[in-house]
Amino acid sequence: LVSRKWKVNSTKIDLGDGVVIGDGSFSIMAGPCSIEGEENVRATIKHLKENGVNIMRGGVFKPRSSPYSFRGMGIDGLKMWYNIAREEGIKIVTEVMQVSQIEEMYPYVDVFQVGARNTQNFNLLDELGKVDKAVMIKRGISGTIEELLYSAEYVFSGGNEKLILCERGIRTYEKASRNTLDLNAVPILKDKTHLPVVVDPSHGIGIRDYVDSMSLAAVMAGADGVIFEIHPLPEKAASDGQQTLDFQQSAALIRKMKKTYALR
Ligand code: PEP
Ligand code: MN
């Protein structure tokens, strides 16, 4: 069902208020790795609006390698974020980690993100198939392109056709970067499916100074959007500071992506 053989025209996802993902539009989504508090949310939204971005990312349920790391503000953090974002006309993309969170998160979410550690959580995918909100599925940590497509198939066949695919790097033998961003996936996925394909260069390379290059490469590879991590003080971020851009770097990147997209 997610194949172009089944549906030739590219899928366009309408988040409402004129915000669309896919089919000829280029979407920029940015925000902190973790939602950290009201001040951070307000500062981020101000920065996004100044730069013409209307979709904000952020985690409130964080899948951390160590149980002692910050694991997110939870549902109260999401409600706080939502109240500010709605006021400001900003859409929310945030990770859902398990089935039991879907219902409580539902009113406050525009795009449910399925994280790389949950790409093959088939029960979660089944349940998201019953939801009438957009879902963005990240490629699994060691997942193949075909496995990502089968994960999408779970959600789509359950009845939810508002699906976005996200290349976020895979684990390889390479140690010079956090992950290996597989930009090969972009033209391959664009060819094989009608779904929008977004790239996450922050997790893909994992090193702040290189996020810029890989974002621009993603644009030229044909991505429908880029999602990246920003923070007013990246060194102070509660998670993933090493791959997070400050607002000045973010503004410069947004400018460059728009210029690059115009060349496509
Ligand atoms: C994230 O987006 O902050 C995240 C945890 O991503 P991934 O699932 O790709 O590691
Ligand atoms: Mn992160």
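Counting from 70, one number per residue, gives the positions in the sequence shown under full-length UniProt numbering. We treat Cβ as the ideally placed atom computed from N, Cα and C, and that holds for glycine.
Nearest candidate by alpha-carbon position, reference I97, set L332, V200, I299 and G128: I299
Cβ-based burial, Q167 [other Cβ within 10 Å; buried from 16]: exposed
Cβ-Cβ separation, R155 to S185 (assumed contact under 8 Å), whole Å: The question names Ser, but residue 185 in the sequence shown is Ala. Not a contact, Cβ separation roughly 28 Å.
V162 vs I124 beta-carbon contact at 8 Å: yes
Proximal residues to V77 (C-beta, below 8 Å), its chain only, five neighbours per side dropped: H263
T80 burial status per 10 Å Cβ neighbour count (16 or more: buried): buried
Those residues which DSSP pairs with D83 across a bridge: V89
Beta strand (DSSP E) segment containing E243, residue limits: Here E243 belongs to no beta strand (DSSP E), and DSSP marks it neither H nor E.
Contact set for I144: own chain, Cβ-Cβ below 6 Å, skip 5 residues either direction: E173
8 Å Cβ cutoff met for N120 and P301: no
I323 vs V267 beta-carbon contact at 8 Å: no
Around ligand 2, Cβ to any heavy atom closer than 5 Å, ordered along the chain: C102 and D309
Q182, DSSP secondary structure in three states: strand
A185 Cβ short of 7 Å to ligand 1 heavy atom set: yes
CB of E236 within 8 Å of CB of D251, strictly: yes
Per DSSP, cross-strand counterpart(s) of S284: According to DSSP, which records beta bridges pairwise, S284 is partnered with nothing at all.
Any non-hydrogen atom of ligand 1 within 7 Å of K207 CB: yes
Proximal residues to Y279 (C-beta, below 6 Å), its chain only, five neighbours per side dropped: none
Proximity below 8 Å, CB of R277 to CB of T241: no
Any non-hydrogen atom of ligand 1 within 7 Å of H272 CB: yes
Residue from T249, L197 and R126 whose Cα sits closest to the Cα of residue 363: As shown, the chain starts at 70 and ends at 333. That puts residue 363 outside it, with no answer to give.
Sequence-distant residues of the same chain with beta carbon closer than 6 Å to S271, five excluded per side: V280, F297, E298 and Q312
Bridge-paired residues (DSSP) for E164: Q182
DSSP state of L194 mapped onto helix, strand, coil: helix
Same chain, Cβ closer than 6 Å to P303, five either side skipped, listed in chain order: G310, T313 and D315
Euclidean distance between Cα positions of E164 and Y219: 19 Å
Other residues of its chain near S284: CB distance less than 7 Å, five sequence neighbours each side excluded: P270, V295, F297, L322 and M326
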